[in-house]
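Below you'll find the structure, written out as C-alpha cells, and then a few comments.
Protein chains in written order, with the working numbering: chain Y, 32 to 245; chain U, 2 to 759.
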C-alpha cells in the first residue's frame, strides 16, 4: 500500500481547508471590499447566475471591474496594503479559505485511491442489465471488473453501443451518474477500486465518518 | 312561512356566511366593519340553533339579515375600483362553466374536459343557444371560447391561458369559420401564462389576433376579467360587452403599483399604492365605456353576479343573442330591415324592462360572401376608430402643404397600383394563358395584342429602382459606408465584455468599440447597446430618411397622476414627442417605410400615439406599395399609464398589419436590445419575417414577472435571441454590422423582383 492512511488523515486534520489564491487578472488599482476573516460566498442560483460576494474592484483605464468570489469560505492573508494601490497582473490579493466537509474529503481521498472512468462523449449512459441489477441490490462492490468487460451502454441518437472498460482490474466502488442521465464528455462515470485497496478505502470512509467533525 | 323558515334556517346561515365572506373578499378581509363579529354570530347561531326558541332564532336571523343588507348597501355606495377587482377575483363569482350551463341549452366541450385537457384554463365548446320568438323556439349554433378559472381548481391556473391553450382557441376559431357559425368569447383571465415554450405566449397571442382580424364569422366577446394581452388573445371581436362589475386593464393593480413604486422583487407593495393604481388605470366597465374600448355594459347585481344569480344569466343570454344579431344585421344590405330589427329590439329596453328574453323576430346568423366582406370592413373600421388617446399638434403651413402633396401622391398610388394594376393583371393573365399554348400561330395573334398592352400599360420599371443598384458604386460592407460615429465613443476608457469570463474577451477601448467595432465585441460578437440614431445614420442610404406624422404626440389621456411630468421629462430628454419614429427611407435605393420604436422615450412603450403612428405608417406602406420595416430598438410593452387605450393598440395595429400583408405587402420585423410584452404579442409577433439582432432579448414577460406569476425561476439567457430562434419565435439572427446588407438581401429575396409580391 503506497498511501498511508494515517498520514492522509493527519494531512487533512492539520489543514482541513482548500486555499484559493485570488490574484489580479491584470494591472489596475485595487479597492478592497472585504475584511480579514470575513465569510464570503461563491456564485449561487440554479444556473450559478448570481455572482458571489464582491471581493475587490480592480480599475484599469476607467473600467472598474467587480471581482466576485468563486468559492465559499473565509478571507485570509488579505493584503490590506494593496488597497488603493496600482498593482501588476498576477498579484496575490487574498486567499479564500474553503473548509472541507466530510464528503469533500472522502471524495478527495477516493479520487487518489480509485481509478475513475470518464464519459468518452456526451451521451446517455446505462449499465448492462447484470451490472444494473447488482447496483440495485447494493452488491456493486462484489462486482469485479476486468479490462475489456462490456459493462456500459452508451446511448446516443437511438443508437446503443457497448463500451468496453479500459483500466486496472477492480471492483465497482462508486457510481457518479444516475442511470440514463445525459452526461457531458469527460464527466466521471464510475470509480474502480483495486481489490487490494478495497479494505483501505472502506477504512478511510469509516474513519472519516466517525472521527471527522464538520 | 315560519315552518319553512325553521327548516331553512340552516340554509340561511350558510347563505349569511357566504355573504359575509363575499364582503370580506371585496373589502380585503374580515377586519372591515363588524364582519368578524357578524361571522362569529352566525357560527354561534349555527352551533346553538337547536337550543334557541323559534322566536329567538327568527329574531336573530332577521337581525343578521338586516345588518348584512345594511353593510352590503354601504359597500355598494362607495365601491372603489380595487373593490371591483376583488369582486372579480372572489371565488364566489360566476365562471364560464356557469355561463355554459345557464345561458346555453346544450354544449359539448372540445379539446378535453377538466384536467384532461391541453390547457384547462381555456375551454372551447360547441354550444346551442336559443331565442324565443312569439312562443316559438329557434336554435343557434355557436362556438364558445373562453377562460375557465374553475372553483379553486389549481390545474386551471386561475384562467391564465398557456400558449397551447390559445393555440387551441385559434384552432376552433378556424373550425367556426369553416362551419360559418358565430363565436362567443368569454374573457375571464388575469393575464396569459408567461412562458416562452413553443408556440410562445407572445407569438401565439399575435397569431390569434392576426387570424381574428380577418375571421369571416361574427365574434362577440364578453369581458369579466380582462387582463391585458391574455384578454386580447380571444378578444378581437365585432362587439365587446363587459360585465358592470368586471375589470379590463393593461396590467394588474399590483403590477402597476410595483412599477410605479419601484418595489424590489419580493418586496411588499403598499395597499394604498395598489388602490391608487387601480383607480388611475381606469379599469372599470364605466371607464372602459367612456374610453370606447367596449361597446356595452351588461348590468350585474350591485355587488356583482355570483354563481346562483340566475336572472343575470338570463339577461346575459339575451344580450349575447342581441349582440350577435346586431353584428349580423350590420352586414345586411337591406338597410330598412336592419334598422327595423334593431329598433324593435331596442324598444324592449325602452319599455322600462331591464331585459326581455323574448325576441320579436328571428335573425339567421349565417352570412353570404358579400356579407362576410362587409363584416370585415366593419371590423376594420371599428378598430381603426378605437383607442385614440393621442394629441395632434397644429401643423405649420409647410407641413400642411406637404400633407396635401401626400394626399395627391396617395391618389396617384391608388390609381397606379389599385385601378390600373388590377386591370393590367387581368389583361396580363389573359395574355399569359393564351401565350402559354405556345403555338407559333397563336403567337402571331397575341403578339400585336401584347404590344398594344405594353404600350398602354408600360412594364414596371425595376421596382423602386432595384436594378439601378450598382454594387461597384456602392459597397454593402459597413466599413466603407460608415460615417456616423456614436457619441458613446467619445470617452477615453475601457469596458469589459459580459462574456469575458466565458470566452476570454479582452477589455475594449471605448472609442474602438463604439467606432470601428460598431459596438460589437471582436472576440465573442457580443453586441453592446447603441443609440437609435446609429441605425438611422448607418442603416439607410444617407439623406434618405424623411420622417412623417411628427404632429401625433403622446399624451396623458387617463390623466394618470404624475405621468404628465414623466412625459415632459421624456420630451426634454429626447427632443421627441412619442416613442416611435415613422419615416420613409431607402436601403440601397429600395424605398421602404419604417416604424422604429426606441428606448429613450419611456422605454419604447406603446400608447395611443405610437399605435396611431404605426397604423398610419403601415397604411402608407400599403398605399405606396412599399415594404414595411418595423425596427424595434427597444420596447417595454404597452404603456401602462394609458390603460386599455394602450391595450387596444394590440388588436388595432395587428388588424392594419393583416390588411397590409393581405394586400401583398412585405412586412419585416427586426428586434434589437429588449422587446417584450404587448407589441411582441400583437403587431410585431404576427409578422412572417421576424429577425433578432445578436445579443437582443425577445419575450412576453420579464424574468421577475415569470418568477412572481409561475413561481419558477428562469435561466439568465431565457429570453436571448438564440433561444427565441431555437423555439421558432424568430426566423434568424443578424449581426449589427451586416444589418444593412442583410436587410437588402431580405428585401430582394422575400420581396421578389417587384418588392411587392402580389
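Beta carbons are placed, not taken as given, at the ideal position from N, Cα and C, and that holds for glycine.
Tell me, please, which residues DSSP counts as bridged to residue i.
| i | result |
| --- | --- |
| residue 223 of chain U | U:187, U:242 |
| residue 223 of chain Y | Y:146, Y:203 |
| residue 181 of chain Y | Y:195 |
| residue 117 of chain U | U:114 |
| residue 144 of chain U | U:127, U:184 |
| residue 39 of chain Y | For residue 39 of chain Y, which the question treats as bridged, DSSP gives no partner whatsoever. |
| residue 61 of chain Y | Y:89 |
| residue 521 of chain U | U:528 |
| residue 776 of chain U | An answer regarding residue 776 of chain U cannot be provided, because it is not within the stretch 2 to 759 covered by chain U. |
| residue 175 of chain Y | Y:202 |
| residue 109 of chain U | U:127 |
| residue 360 of chain U | U:134 |
| residue 156 of chain Y | Y:185 |
| residue 95 of chain Y | Y:90 |
Give the interface partners of residue i over in chain Y, defined as CB-CB distance under 8 Å, in chain order.
| i | result |
| --- | --- |
| residue 494 of chain U | 92, 93, 94 |
| residue 79 of chain U | Residues of chain Y passing the Cβ test: none, with the nearest at roughly 46 Å. |
| residue 198 of chain U | Near residue 198 of chain U there are no residues of chain Y at all, since even the closest Cβ is about 17 Å away, more than 8 Å. |
How would you call residue i, buried or exposed, if buried means at least 16 neighbouring beta carbons within 10 angstroms?
| i | result |
| --- | --- |
| residue 122 of chain Y | buried |
| residue 478 of chain U | Since pLDDT at residue 478 of chain U reaches only 45, below the 50 mark, its modelled position is unreliable, and no value is offered. |
| residue 322 of chain U | buried |
| residue 740 of chain U | buried |
| residue 106 of chain U | exposed |
| residue 354 of chain U | Note that residue 354 of chain U scores a pLDDT of 46, beneath 50, so its modelled location is shaky; the value from the coordinates is reported in the next line. The residue in question, residue 354 of chain U, is exposed, as its Cβ has fewer than 16 Cβ neighbours within 10 Å. |
| residue 229 of chain U | buried |
| residue 606 of chain U | buried |
| residue 134 of chain U | exposed |
| residue 636 of chain U | buried |
| residue 227 of chain U | buried |
| residue 480 of chain U | Because the pLDDT of residue 480 of chain U is 48, which lies under 50, any placement of that residue in the model is unreliable, and the number read from its coordinates should be weighed accordingly. Its Cβ having fewer than 16 others within 10 Å, residue 480 of chain U is exposed. |
| residue 117 of chain U | exposed |
| residue 67 of chain U | exposed |
| residue 398 of chain U | exposed |
| residue 750 of chain U | exposed |
| residue 720 of chain U | buried |
| residue 611 of chain U | buried |
| residue 269 of chain U | exposed |
| residue 248 of chain U | buried |
So which residues of chain U does residue i contact, with C-beta pairs closer than 8 Å?
| i | result |
| --- | --- |
| residue 77 of chain Y | 714, 716 |
| residue 80 of chain Y | 716, 717 |
Could you give the residue range of the alpha helix (DSSP H) that holds residue i?
| i | result |
| --- | --- |
| residue 630 of chain U | Run containing residue 630 of chain U: none in the alpha helix (DSSP H); it sits in the beta strand (DSSP E), 629–633. |
| residue 203 of chain U | 202–213 |
| residue 412 of chain U | 398–414 |
| residue 704 of chain U | 704–711 |
| residue 326 of chain U | 311–331 |
| residue 78 of chain Y | Counting along the chain, residue 78 of chain Y falls outside any alpha helix (DSSP H), and DSSP gives it neither H nor E. |
| residue 1 of chain U | Within the shown structure, residues of chain U are numbered from 2 to 759, placing residue 1 of chain U beyond reach of any answer. |
| residue 783 of chain U | In the structure as shown, chain U starts at 2 and stops at 759, and residue 783 of chain U therefore has no counterpart that could be examined. |
Ends of the beta strand (DSSP E) at residue i?
| i | result |
| --- | --- |
| residue 53 of chain Y | 48–54 |
| residue 693 of chain U | 690–694 |
| residue 243 of chain Y | It is not in any beta strand (DSSP E) - residue 243 of chain Y carries neither H nor E in the DSSP assignment. |
Can you list the residues of chain Y that residue i reaches, using a CB-CB cut of under 7 Å?
| i | result |
| --- | --- |
| residue 497 of chain U | 94, 96 |
Interface residues of chain B around residue i at Cβ under 9 Å?
| i | result |
| --- | --- |
| residue 513 of chain U | Annotation note: the requested chain B is absent from the structure, which comprises protein chains Y and U. |
List the whole-angstrom C-beta distance separating residue i from residue j, where the pair is believed to meet the contact cut-off of C-beta under 8 Å.
| i | j | result |
| --- | --- | --- |
| residue 187 of chain U | residue 145 of chain U | 7 Å |
| residue 243 of chain U | residue 306 of chain U | Not confirmed; about 13 Å, so no contact. |
| residue 644 of chain U | residue 250 of chain U | 7 Å |
| residue 120 of chain Y | residue 74 of chain Y | The pair is not a contact, with the Cβ atoms about 23 Å apart (cut-off 8 Å). |
| residue 91 of chain U | residue 19 of chain U | With a Cβ gap of about 10 Å, residue 91 of chain U and residue 19 of chain U do not count as contacting. |
| residue 96 of chain U | residue 169 of chain U | Actually they do not touch by this definition, with Cβ atoms about 18 Å apart. |
Counting only Cβ pairs nearer than 9 Å, list the residues of chain Y close to residue i.
| i | result |
| --- | --- |
| residue 106 of chain U | Chain Y residues near residue 106 of chain U: none, gap ~51 Å exceeds 9 Å. |
| residue 508 of chain U | 57, 91, 92, 94, 96 |
With a threshold of 6 Å (Cβ to nearest heavy atom), would residue i be considered close to the ligand FAD?
| i | result |
| --- | --- |
| residue 282 of chain U | Of the ligands one can find in the structure shown there are none, so the ligand FAD has no counterpart to examine. |
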